[in-house]
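Here the protein sequences come in this chain order: P and G.
The first sequence begins at 1 in the numbering used here and counts up one residue at a time.
The second sequence begins at 1001 in the numbering used here and counts up one residue at a time.
Ideal Cβ positions, reconstructed from N, Cα and C, are used throughout, including at glycine.
All values reported here derive from a predicted model rather than from experimental measurement.
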Amino acid sequence: MNFLSDHPKLVQFAGLLVVFFILQFAISPSDSNFLWRLPAFLAAVPEMLNSSVEYAMFEWMPIQTYNVEIEDYEESALLMEVTRSMSRSVLFCIEFIREILVGGQKTIVAFTSWDFVSENDWAYWPALPWTVVAGVGVTLGYALNGRWLAVLVGCATTYIAVFGQWEPAMETLSFVLIAAPASVLLGVILAVVAFKSRAFETALMPLLNVAQTMPHFSYLVPVTVFFGVGDHAGAIATVIFATPPMIRLTLLGLKGVSPEVLEAGEMNGCNKVQLMFKVLIPTARHDILVGVNQVIMQCLAMAVIASFIGAKGLGFNLLLALNQLRIGQALELGICIVLIAVVLDKLSLGWANKQIDYFADLSFVERHKYSLIMVAILVIGIVLAGIGSLIFKDGINYFYLIPHNQGLTTEDFWQSGVDWIVDNWYSNLQVFNVGLIVNVLIPMKNAYLSMPVAATFVLVMGIAYIVGGIRSSLVVGGLLLFIASTEWWDRALITAYMATFGVVVSATIGLITGSLCAQNRFATKAILLVCDTFQTFPSFIYLIPVIMLFGVTDTSVLIAVIIYATIPATRYTVEGLSNVPQSLQDAGSMSGVNRMQRWLQIELPLAFPHIMLGVNQTVVFALFMVIIGAMIGTDDLGQLILKSLSDEFGIGNGLMLGLCVAFIGLAVDQILRTWASERKKALGVA
Amino acid sequence: MTTETSNSTDTSTDKQPVIKCEGVYKIFGDNTADMMAKSNGNIDVEAFKDAGCIFGVNNASLEVHRGEMLIVMGLSGSGKSTLLRCISRLTDTTDGNIFIDGEDLLAMNARELMSIRRNKMGMVFQSFALLPHKTVIENIAFPLQVKGTSTEDSMKRAMDMVNLVDLTGRENYFPRQLSGGQQQRVGIARSLAVEPDIWFLDEPFSALDPLIRKEMQDEFLRLQEMLNKTILFVTHDFDEALRLADRIAIMKDGVIEQCDTPANIVLHPATEYVAKFTNEVPRERVLTCANVMDEIDGETNLSDLKVPHNAVIETVAEAVLNDPNPVAVVNDNNDTIGVLHRKSIIHLLFGKDEEETLGNQAAGA
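Below you can see the structure in the form of structure tokens.
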């Protein structure tokens, strides 16, 4: 009896399970029974969304615009014109940078006309030789952070050029160079406004929560409706996706500035602008830089996904290669994306840490030496390209531009590797695959689908109540109610089943790997480095190997989910374990604990709240990957989102489906986060 | 309760105080504004407290004259930092008046406030509050740069400040690369960069180790001798206050219990609370010859030795005790104003006051 009264939550939990199973068996599966499935109250909402968007885009507030083609005024909706001109300017910026890098005519056309260009053969902006771009990159790397960054930039650019991915890589770069600064700027501005105005912050926070748990795909549909298809649409979708983490991190940084630093700024006579830009933002620099880093990662992750709506570049080629199951090529492209991500990340970091020497009495040449070197590189590069055109007659000018897919390739090597695996292991893999599907996945899926809606609500809201009280319970209930009122409850259950499976396996692997690695200082460093590296890979990359091995089944998706979602679980475990206070470790040592006792009785209990935050991340990662898994065929919400992409009036469905996925994530987030923060408070490690 | 004595030993002939506070209140609590509206200017402390308000500063009045160092002393939560923040207008004052050089500080608009901070005020913070992204020299030049001084001039001036606080050679270090003492030197240099008239120091040495603290206090005295600023200094360390101050204001629960010279506070503690601090103080370190001397009573056997009236007893005790004759105490013009007997010093060093307990004696010796 004592045990029970000492653990009231445990009793509550047991009671909850009993109620759940009673409901599970008592409610009969029938379509008319609303305890089994709620009627789709919200079924009409997508249609309403569609028609209101259509109205806003085509009819709302008509204005007169001048059409050059028919040389007359015509009526057009205001919003349409606004989005059109936005698209045009974004596209112009992207094309402008792109043509500086790889040449073209569109910028010239923008200032003249197509007729002018076709009449004048000379009207073509030549591409910069790749050696120039690489050289300038190396110089920049050296100027910002010394020798090693220069080497990194040199290796990355050479790899990209030699493997014949220069053109798509520069296309991707041009798109990132627009989207990333735009996201950073927008993020900082919104964060500053939120920092100044409490009301704005309160309004913004739930939006950010939803935005960060919505799957990437669901952003694409509205963007295509408002902005059409193409590079600009990709860039805009990327900005929308990359800005929320930037806002969040900037705000976190601004709030973390110590009040004394702020007061010091005030006492030194800063005005409001100076206080913001010279004191607050630079002091919050660390978090803002993490934000910039996130933005760059998001941009490159979106490089692939944005190619669904017409963004050119590496992502588009990667998608093609994946569709053709050309694993070697996909891998090479993946590496290109990762390299660009790493280089941009390090350059931005170096730039932010730059230090000025005020007392160096420098001559003009010394002060401008890097600019001068860059000019020299430009000249040398062009001369080299000229020499190249003499050496490599009729062929490819390796000093100028190596055309797409004409460079080195290791594709055959990888292909033969895959062939070898298929030849030797295929039957074993298939046995595993079939066994997993028949014995685990299908029963699990059926169990999820056989849950009456009432039982699900009781279970989830009950857990939320035990963990965080009535408020958490209502929040979670509200989120579930939304999903249950759409016509996709069953699909959502399938998504939930895949995510659950992925999370359970990932969390287990992550906990074990993390715990093992945390025992040793070098292993800790190594595993964090591995996590960092894997995190820079766009989520798509993970699909490449698994499709080859397991074909197009739920297993492939789940394995990709597991690999991807294990990263945060491992990272948070390692972090949590290594942040256990040294004094407690010492106290343990002096009490004579062995390793196992230390882990079980000191480290794990203290680190557990932080590990749960990792599991929370794991859930978000798993959901994203499950949705992306729709690419290779699943029958969950992701599949429907993908369909809505190709549907002319998909915006309503796309948004609602996206919200469903986001709400699954948010419900789990609400429970885990509340639990972790309560627990941290109780342990005094907050 | 508030005892504002103005018999300061201030040598300034300037009548107008640099800082003048009259009945300053800082009241925290959600319904402060309502209560203030109801009170019509007569603040009834009990009524406010019943309404859930907390008094950070309770009816504080003080004056600081040109070149004077006033130290506000109190334990944590006594409202000393809040008072400083009111006077620097880092927080809004609930009620009362604050004048800086006769100008009403609380009536200033943002522009005037900024201007006075840019030109007249410097402040040093307990946690140093250096900008982590700027080097030593950039931190020091920061107040000049926000003023709009050219980079060249501000860097030159900042370099002078670096030399002043003995950080030469470390100007390109980042704060994180410096020790606590060095960081506070940067903080001091930054606060002096604009050559302010008024210098605020908010527990500047509290975060430092005892040895470093002593060193920084010496450094601070050296600077003050050189610069002669008007200083408002906040500390929780009574010894520090005695060591540095021209006058000390002791605060408790937002109220200034006593505001006087160190010697007067030690000799005549106004309240029991103040007495608790002074009991433990070795008097020979605080009292000066002028405090202990007797009237000249037609004595003729004076020694040849003469001691200045403002010399602390500790520094002259040995010489006086070794002299068989009474010693003359002279003022700045070398006129004899009193006489110091051996028995007075012996009484001061070893004598028993009636109220003193044995324990205190031991501490005093």
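Using the C-alpha atoms, what's the distance from residue j back to residue i?
i: Arg1118 of chain G; j: Gly1187 of chain G; result: 16 Å
i: Gly1056 of chain G; j: Gly1079 of chain G; result: 5 Å
i: Val712 of chain P; j: Ser506 of chain P; result: Nothing in the structure corresponds to residue 712 of chain P, since chain P is present only between 1 and 686.
i: Ser28 of chain P; j: Ala447 of chain P; result: 14 Å
i: Pro259 of chain P; j: Tyr142 of chain P; result: 37 Å
i: Ile281 of chain P; j: Ala676 of chain P; result: 30 Å
i: Asp669 of chain P; j: Val620 of chain P; result: 8 Å
i: Leu378 of chain P; j: Val132 of chain P; result: 5 Å
i: Ser51 of chain P; j: Ala264 of chain P; result: 55 Å
i: Val19 of chain P; j: Arg37 of chain P; result: 18 Å
i: His1135 of chain G; j: Pro1175 of chain G; result: Looking at the sequence itself, residue 1135 of chain G is Thr, so the reference to His does not match. Cα-Cα distance, rounded: 7 Å.
i: Leu101 of chain P; j: Ser174 of chain P; result: 8 Å
i: Asn1291 of chain G; j: Ser1303 of chain G; result: 19 Å
i: Phe316 of chain P; j: Leu35 of chain P; result: 46 Å
i: Val342 of chain P; j: Ala560 of chain P; result: 22 Å
i: Ser515 of chain P; j: Arg248 of chain P; result: 30 Å
i: Ala770 of chain P; j: Leu314 of chain P; result: Here chain P has residues from 1 to 686 only, and residue 770 of chain P is not among them.
i: Gln597 of chain P; j: Ser583 of chain P; result: 16 Å
i: Cys299 of chain P; j: Arg1222 of chain G; result: 57 Å
i: Lys9 of chain P; j: Asn579 of chain P; result: 28 Å
i: Leu429 of chain P; j: Met548 of chain P; result: 11 Å
i: Val324 of chain P; j: Ile562 of chain P; result: The sequence given here has Gln at residue 324 of chain P, not Val. Taking the straight line from one Cα to the other gives about 24 Å.
i: Phe1350 of chain G; j: Phe1128 of chain G; result: 42 Å
i: Ser113 of chain P; j: Leu642 of chain P; result: 38 Å
i: Ala1158 of chain G; j: Leu1167 of chain G; result: 11 Å
So, with DSSP's three-state summary, where would you put residue i?
i: Trp351 of chain P; result: helix
i: Arg1247 of chain G; result: strand
i: Glu1022 of chain G; result: strand
i: Ala1328 of chain G; result: strand
i: Ser1012 of chain G; result: Any reading at Ser1012 of chain G needs caution, since the residue's pLDDT is 43, under 50, leaving its predicted position unreliable; the model's value is listed next. Residue state, collapsed to three classes: coil.
i: Trp130 of chain P; result: helix
i: Cys1259 of chain G; result: strand
i: Phe1125 of chain G; result: coil
i: Asp1104 of chain G; result: strand
i: Tyr73 of chain P; result: strand
i: Ser472 of chain P; result: helix
i: Gln64 of chain P; result: strand
i: Gly502 of chain P; result: helix
i: Ile1337 of chain G; result: strand
i: Val668 of chain P; result: helix
With burial defined as no fewer than 16 other Cβ atoms inside 10 Å of the residue's Cβ, what is the status of residue i: buried or exposed?
i: His1347 of chain G; result: exposed
i: Trp414 of chain P; result: buried
i: Glu1240 of chain G; result: buried
i: Ser371 of chain P; result: exposed
i: Gln64 of chain P; result: exposed
i: Asn433 of chain P; result: buried
i: Asp554 of chain P; result: buried
i: Ala1363 of chain G; result: Any reading at Ala1363 of chain G must be qualified, since the residue scores a pLDDT of 42, below 50, and its modelled position is unreliable; the value itself is stated next. When all chains shown are included, Ala1363 of chain G counts as exposed.
i: Phe21 of chain P; result: exposed
i: Ile340 of chain P; result: buried
i: Arg595 of chain P; result: exposed
i: Thr243 of chain P; result: buried
i: Ser644 of chain P; result: buried
If you measure from the CB of residue i, is any heavy atom of the ligand HEM nearer than 6 Å?
i: Pro215 of chain P; result: The model depicted lacks the ligand HEM and carries no ligand whatsoever.
Exercise for the section: Output, in sequence order along the chain, the residues in the segment 90–107 of chain P whose CB is closer than 7 Å to any CB in chain G. Expected result: The segment 90–107 of chain P vs chain G, Cβ under 7 Å: nothing.
Problem - Proximal residues, the segment 281–295 of chain P versus chain G, C-beta separation under 9 Å - result: For the segment 281–295 of chain P, the set of positions with a beta-carbon nearer than 9 Å to some beta-carbon of chain G reads Pro282, Thr283, Arg285, His286 in chain order.
Practice task
Select from the segment 362–379 of chain P all residues with a C-beta closer than 8 Å to any C-beta belonging to chain G, and list them in chain order.
Solution key: So nothing in the stretch comes that close.
Handout entry: Interfacial residues, the segment 245–270 of chain P to chain G, with Cβ spacing under 7 Å
Key = Under the 7 Å Cβ criterion, the segment 245–270 of chain P contributes Ser258, Glu260, Val261, Glu263, Ala264, Glu266, Met267, Asn268, Gly269, Cys270.
Problem - Under 7 Å (Cβ pairs) to chain G, residues found in the segment 172–194 of chain P - result: Taking 7 Å as the Cβ-Cβ cut-off, the segment 172–194 of chain P has no residue approaching chain G.
Practice task
Would you list, in sequence order, the uninterrupted beta strand (DSSP E) runs of no fewer than 3 residues that lie entirely inside the segment 163–242 of chain P?
Solution key: Counting only runs of 3 or more, we get nothing.
Practice task
Anything in the segment 1077–1098 of chain G with a Cβ closer than 7 Å to a Cβ of chain P? List those residues in chain order, please.
Solution key: Those would be Ser1088, Leu1090, in chain order.
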